[in-house]
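Chemist:
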Amino acid sequence: MVSSNYKDNEKEFLRAMVVKFCFSDNTELAFFERLYNTDVPTWEKLAEDLKPQLIENTKKTKDGNDVDVVKLLRDRWDKKICPDLAPIMAKDGYQLNGKNKWQVVRKWLIEVKYPEWLKEKQKLEGLLQKLQLLTISGLWEELRFRAVSTNKMGPVIPGIGITDLNMYTPHSNYRHTIPAGTDIKFEVQLERPGYLTLLEKGTSGEFFCLSPSSLFAPYPNFKEVSKVLLPMEGASVEFFELSCEPGVEEIIVAIAPKRPKLDWLPKPEEEPLQLQGKHLQEFLVYFEGESDCTLWYTNYRVAEASARQ
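Each number in the working numbering corresponds to the 1-based position in the sequence shown with 2 added.
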């Protein structure tokens, strides 16, 4: 039975499922359009309607001028969508057998996934209403509350503790106090591959997105579990220069499977973004809705230049 509000939310829901199942290009097109256009009776008619987009997407990888668009559309279902979804659906008691498999997928989505999605959507809408009442400092505290305090990231000072030909030796215990004006790098011990977003609350009380950005991390998409150093190779600067204003610097790092869908994240050629309240609101809502992400928090003190660790 189709929920009474399903049609009102159908486009948004199907787009969310595209993201959830990591479909793209013609696979995304085949998934969304077949499930959304239920009144189109045949694959041939649907393929004809989608022909320009199917061909354009195909040109990204090969010559798309001589393409059987009907076969292409059906292949996306037979060779990608159904094999990907079948194990997940089987756990819920749905079997992809026989003809019209897309109708079985639609039934499963409406009966199982849509109620889950709608509940999460309503939860996030409630969270957003709450967040809209907070100041930017309150939003940061809310984000800090959701992040896990960790000793797996922190500042290192190049040239201190050199024991080999490397520029520096990373410390397992990061410095908790660093003299103002010191050049540092920031190390993150990744426990999983992923896209690294780094937000900073500086000693001035201002907030910035440092990664991604042209200055520190143009392409922070790391393919392996490793120790990551920022600024990364290829960035515009070699070090972070700590503020000359004493105080506490706070860092929140998000590690996600891919670049978060946040329109305001700096592009590779753009400088760090000074964050406003609306940015932190969207950041909180986005990561609250993404279960496959890691949020870490740490801080360190910036002391008068004469201070030592």
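Where is the CB? At the ideal position from N, CA and C, for every residue including glycine. Every value quoted in this text rests on a predicted model; they were computed, and no experiment measured them.
Under a three-way DSSP split, which group does D70 fall into?
Modeler: D70: coil per DSSP, three-state reduction.
Chemist: Which runs of the alpha helix (DSSP H) at least 4 residues long sit entirely within the region 9-63? Give them in chain order.
Modeler: Whole alpha helix (DSSP H) segments, 4+ residues: 27-38 and 45-60.
Chemist: On the premise that P262 lies in contact with Y288, defined as a C-beta separation below 8 angstroms, what is that separation, rounded to the nearest angstrom?
Modeler: Right, their Cβ atoms sit about 6 angstroms apart.
Chemist: With DSSP run on the structure shown, which of helix, strand or coil describes P172?
Modeler: Bear in mind that a pLDDT of 47 at P172, under 50, signals an unreliable position, so the model cannot answer this.
Chemist: Cα-Cα, which of E247, V227 and A219 is closest to E240?
Modeler: For E240, the nearest C-alpha among the options comes from A219.
Chemist: What residue range is occupied by the uninterrupted beta strand (DSSP E) comprising W298?
Modeler: Taken as a continuous stretch (DSSP letters only), the beta strand (DSSP E) holding W298 covers T296 to A305.
Chemist: Using 10 angstroms around the beta-carbon of G196, count the other beta-carbons present and answer buried if the total reaches 16, otherwise exposed.
Modeler: Its Cβ being crowded by 16 or more others within 10 Å, G196 is buried.
Chemist: Ignore the nearest five residues each way along the sequence and tell me which others in V150's own chain have a CB closer than 7 angstroms to its CB.
Modeler: Within the same chain, V150 has close Cβ partners L297, W298 and Y299.
Chemist: Looking at the secondary structure, which residues open and close the beta strand (DSSP E) in which I138 lies?
Modeler: Where I138 is concerned, there is no enclosing beta strand (DSSP E), although the alpha helix (DSSP H) it sits in stretches over I138 to R148.
Chemist: Could you give the residue range of the alpha helix (DSSP H) that holds E290?
Modeler: G279 to E290 is the span of the alpha helix (DSSP H), which, as asked, contains E290.
Chemist: What does the alpha-carbon distance come out to for the pair R108 and G291?
Modeler: The alpha-carbon atoms of R108 and G291 are separated by roughly 23 angstroms.
Chemist: Quick one: grab the DSSP three-state call for I164.
Modeler: Annotation note: pLDDT 35 at I164 (below 50); position unreliable, no value reported.
Chemist: Which whole-angstrom value is the C-beta distance of P268 and P214, which I expect to be below 8 angstroms?
Modeler: At roughly 5 angstroms, the Cβ-Cβ gap stays under 8 angstroms, so P268 and P214 are in contact.
Chemist: Have a look at Q131 and A18 and give me their C-alpha separation to the nearest angstrom.
Modeler: The straight-line gap from Cα to Cα measures roughly 21 angstroms.
Chemist: What number of angstroms, rounded off, separates the C-alpha of I90 from the C-alpha of E208?
Modeler: Answer to the nearest angstrom: the Cα atoms are 44 angstroms apart.
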